[in-house]
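> Chains as they are written, first to last, in this note's numbering: chain A, 8 to 205; chain B, 8 to 205; chain C, 8 to 205.
Quick reminder that beta carbons are idealized off the backbone N, C-alpha and C, glycines included.
Bear in mind that the values here come from a model prediction, so they are computed numbers and not experimental data.
Below you will find the structure I want to go over with you.
Right, dumping it as structure tokens:
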């Protein structure tokens with residue numbers, strides 16, 4: 008058993024929580040969920056059996072992470088962000104569906120959020136999308152398609168608005184380079200990843 | 008008293024919960040709420056006094072169902088979906104309003120979700136709308152108008168995008184018929200409801 | 008210590024809660040938060056250290072109020088409304104950022120909601136905006152810019168749609184006056200505030 012910290016009101020039912028992780032009030036981590044080390048799981052969050060969180064993931068308050076949702080290292084999920092794992096949800100109790108459809112579990116659609124990506128507050132992530140590394144999803148956005156790495160998307164449905172660096176700053180195009188006005192750093196993009204120009 | 012199941016941390020204050028219903032962690036069902044049999048009420052959900060849920064309703068985590076919201080049999084409310092019951096909300100503590108307006112309770116506007124309809128994750132349902140039977144509200148949508156039965160709506164504000172069947176599959180128009188490409192079934196719509204063609 | 012009411016399951020860790028305030032089930036008010044008198048804080052709400060709430064504020068269920076968010080007297084925050092305080096969120100555990108950026112706390116961007124304003128259900132408020140007095144934010148909207156007093160905004164991103172009065176009713180332009188069709192009252196706007204015409 009690793010050494011993690013949980014608030015007395017939190018329910019932690021998995022034995023796979025990494026060292027240094029903190030779990031806050033009224034949060035619920037179900038049996039079989041996998042939570043890496045050094046994560047932070049806010050109040051009223053819910054991590055379902057079958058969810059997988061890497062190292063250093065930040066789950067803000069009220070976020071629910073379902074079976075089939077994979078969050079890589081250092082992902083940030085803002086407050087009230089909502090993941091999904093079903094593209095045609097119906098009450099599993101509907102008589103026509105109970106035997107047939109939900110039993111087969113063919114409804115489960117997996118979602119992948121790659122290293123360092125940020126999901127803005129109250130954003131909605133449709134099942135089946137892949138959010139690329141260090142992408143930034145604007146608050147309140149509805150993500151219906153894959154998001155390229157180091158890309159900012161906003162809106163309903165979310166559309167690309169520019170490129171960001173690992174620090175989350177929006178870059179300005181300058182010829183074939185990309186400038187971070189705050190730091191003065193300049194980048195070239197190689198295979199969708201920024202390389203700092205020296 | 009019917010036999011239902013509640014997590015030890017759940018607060019169930021009504022005596023009108025149907026048999027076979029399950030209520031999960033940190034959920035709160037208030038006095039006077041009516042919950043039918045065979046429902047599933049997720050973690051952190053809230054069912055207010057005056058809310059009415061039929062049979063086999065699925066309430067995913069964090070959903071709040073207010074007084075004046077009526078959910079018919081087999082409705083699905085996705086995670087973080089938000090209902091409302093007031094079209095011009097103000098703090099009831101505002102001195103100008105305290106005596107006058109909120110006391111009269113003329114602010115309450117009822118919402119109806121009909122049999123088998125699905126409210127997508129993180130969708131917002133404006134007070135006063137009627138969501139037709141087996142309609143499908145896309146995740147993250149904001150519903151400001153009535154939704155016809157067996158209709159998919161998406162966006163902010165939500166607009167119709169097509170027809171769905173009871174299984175939640177989007178149908179393709181073929182002359183005067185509608186095809187479910189997954190099952191090969193073909194339908195005619197009679198009074199807004201699909202009838203399978205034999 | 009003032010006399011306020013808290014549900015037995017609520018966690019109230021600040022000693023700055025005003026008289027007459029009520030705090031409901033599974034809510035969490037952190038040390039150092041400031042909550043005025045006569046407030047109402049719903050189930051599953053979260054008030055962070057550094058948040059400031061005035062008198063008579065209504066916080067509906069599931070709302071999170073962060074450090075840097077200032078809610079003036081009689082503000083209404085609808086169910087599931089989400090505030091933010093960071094415009095380029097990243098996991099604070101990201102090695103590149105841990106020392107440098109989050110330590111400096113230069114990421115905190117303050118938000119101000121002025122007297123009597125209403126934030127609709129499931130709306131998202133971007134960090135740094137100012138919502139004017141008695142403004143009305145439509146349910147499900149995403150607010151990315153300042154909102155003028157007594158103004159209704161809706162959509163993603165939210166755009167102005169009209170003027171409202173303190174009661175939250177949408178006004179109709181009549182020459183240089185503004186009419187509330189429900190009450191028959193007529194207003195002139197002086198410095199963005201309605202003055203009733205006698």
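Could you tell me which chain B residues have their CB closer than 7 Å to the CB of residue 128 of chain C, listed as they occur along the chain?
The contacting residues are 89, 91 and 131.
> Counting only C-beta atoms, is residue 83 of chain A closer than 8 Å to chain B at any point?
No, because no Cβ of chain B sits closer than 8 Å to the Cβ of residue 83 of chain A.
> Within 10 angstroms of its Cβ, does residue 183 of chain C collect 16 or more other Cβ (buried), or is it exposed?
Residue 183 of chain C comes out exposed.
> Would you check if the distance between the CB atom of residue 96 of chain B and the CB atom of residue 85 of chain C is smaller than 8 Å?
Their beta carbons are under 8 Å apart, which means residue 96 of chain B touches residue 85 of chain C by this criterion.
> Out of curiosity, what's the CA-to-CA distance linking residue 171 of chain C and residue 120 of chain C?
Computed Cα separation, rounded: 16 Å.
> Within 10 angstroms of the Cβ of residue 113 of chain C, are there 16 or more other Cβ atoms? Answer buried if so, exposed if not.
Exposed.
> Give me the chain C residues within the contact set of residue 163 of chain B, using Cβ-Cβ distance strictly less than 7 Å, ordered along the chain.
The answer, in chain order, is 147, 162 and 163.
> Helix, strand or coil for residue 178 of chain A? Go by DSSP, reduced to three states.
In the structure shown, residue 178 of chain A sits in coil (DSSP, three-state: anything other than H, G, I, E or B).
> Anything in the segment 151-181 of chain B with a Cβ closer than 9 Å to a Cβ of chain A? List those residues in chain order, please.
Within the segment 151-181 of chain B, the residues whose Cβ lies closer than 9 Å to some Cβ of chain A are 161, 162, 163, 171, 173, 174, 175, 176 and 177, listed in chain order.
> Roughly how many angstroms lie between the CA atoms of residue 99 of chain B and residue 65 of chain C, to the nearest whole one?
Roughly 7 Å between the two C-alpha positions.
> Hey, could you find the ends of the beta strand (DSSP E) residue 63 of chain A is sitting in?
That residue, residue 63 of chain A, is in no beta strand (DSSP E); it is neither H nor E in DSSP.
> To the nearest angstrom, report how far apart residue 193 of chain C and residue 199 of chain C are at their CA atoms.
Those two C-alpha atoms are separated by around 15 Å.
> Which residues does DSSP list as the beta-bridge partners of residue 160 of chain A?
Paired residues: A:144 and A:167.
> Listing by chain order, which chain A residues have their CB less than 8 Å from the CB of residue 38 of chain C?
Within chain A, no residue comes near residue 38 of chain C; the closest Cβ sits about 13 Å away, beyond 8 Å.
> I want to verify the contact list: residues of chain B whose CB lies under 9 Å from the CB of residue 95 of chain A, in sequence order.
Those within 9 Å of residue 95 of chain A in chain B are 125, 143, 171, 174, 175, 176 and 177.
> Compute the Euclidean distance between the alpha carbons of residue 51 of chain A and residue 187 of chain A, then round it to the nearest angstrom.
Taking the straight line from one Cα to the other gives about 36 Å.
> Let me know if residue 190 of chain C comes out buried or exposed under the rule of 16 or more other beta-carbons within 10 Å of its beta-carbon.
The residue in question, residue 190 of chain C, is exposed, as its Cβ has fewer than 16 Cβ neighbours within 10 Å.
> Answer with buried or exposed for residue 46 of chain C, where buried requires no fewer than 16 other C-beta atoms within 10 angstroms of its C-beta.
Classification of residue 46 of chain C: buried, given that the 10 Å Cβ count is 16 or more.
> For chain A, is any of its Cβ atoms less than 8 Å away from the one on residue 51 of chain B?
Yes, contact with chain A.
> With residue 14 of chain B as the anchor, note down where its beta strand (DSSP E) starts and where it stops.
From DSSP, residue 14 of chain B is part of no beta strand (DSSP E); its letter is neither H nor E.
> Looking at the C-beta of residue 63 of chain C, does it have a partner C-beta in chain B at a distance below 8 Å?
Yes, because at least one Cβ of chain B sits closer than 8 Å to the Cβ of residue 63 of chain C.
> Ignore the nearest five residues each way along the sequence and tell me which others in residue 14 of chain C's own chain have a CB closer than 6 Å to its CB.
Contacts found: 31 and 32.
> Just by C-beta distance, which residues in the segment 15-47 of chain C are closer than 8 Å to chain B?
Those residues of the segment 15-47 of chain C that come within reach of chain B (Cβ to Cβ, closer than 8 Å) are 16, 32, 33, 45, 46 and 47.
> Report the CB separation of residue 165 of chain A from residue 91 of chain C in whole angstroms; it is logged as a contact under 8 Å.
Their Cβ separation, rounded to whole angstroms, is 16 Å, which puts residue 165 of chain A and residue 91 of chain C out of contact at 8 Å.
> Please report the residue range of the beta strand (DSSP E) in which residue 184 of chain B lies.
Counting along the chain, the beta strand (DSSP E) containing residue 184 of chain B begins and ends at 184-186.
> I'd like the list of long-range same chain contacts for residue 77 of chain B, defined as Cβ closer than 6 Å, with 5 residues on each side in sequence excluded.
59 and 119.
> Going by beta carbon distance, what residues of the same chain come within less than 8 Å of residue 203 of chain C, once the five residues before and after it are set aside?
Around residue 203 of chain C: 192, 193 and 194.
> Can you tell me where the beta strand (DSSP E) with residue 196 of chain B in it begins and where it stops?
Segment 193-197, the beta strand (DSSP E) holding residue 196 of chain B.
> Bridge partners of residue 131 of chain B, per DSSP?
Answer is B:89 and B:149, bridged to residue 131 of chain B.
> Measuring straight from C-alpha to C-alpha, what distance separates residue 36 of chain C and residue 168 of chain A?
Roughly 37 Å between the two C-alpha positions.
> Determine the closest residue to residue 160 of chain B out of B:138, B:173, B:174 and B:179, with distance taken between C-alpha atoms.
Selected option, being the one with the closest Cα: B:138.
> Using three-state DSSP, classify residue 6 of chain B as helix, strand or coil.
The requested residue 6 of chain B is not part of the displayed model; chain B covers only 8 to 205.
> Indicate whether at least one CB of chain A lies closer than 8 Å to the CB of residue 101 of chain C.
So, interface residue.
> Does any C-beta atom of chain C lie closer than 8 Å to the C-beta of residue 201 of chain A?
So no, residue 201 of chain A is outside the interface.
> According to DSSP, residue 206 of chain C sits in a beta bridge with which residue or residues?
Here chain C comprises residues numbered 8 to 205, so residue 206 of chain C is not present and cannot be evaluated.
> Closest to residue 142 of chain C by CA distance: which of C:176, C:135 and C:205 is it?
Of the listed residues, the one whose Cα sits closest to residue 142 of chain C is C:176.
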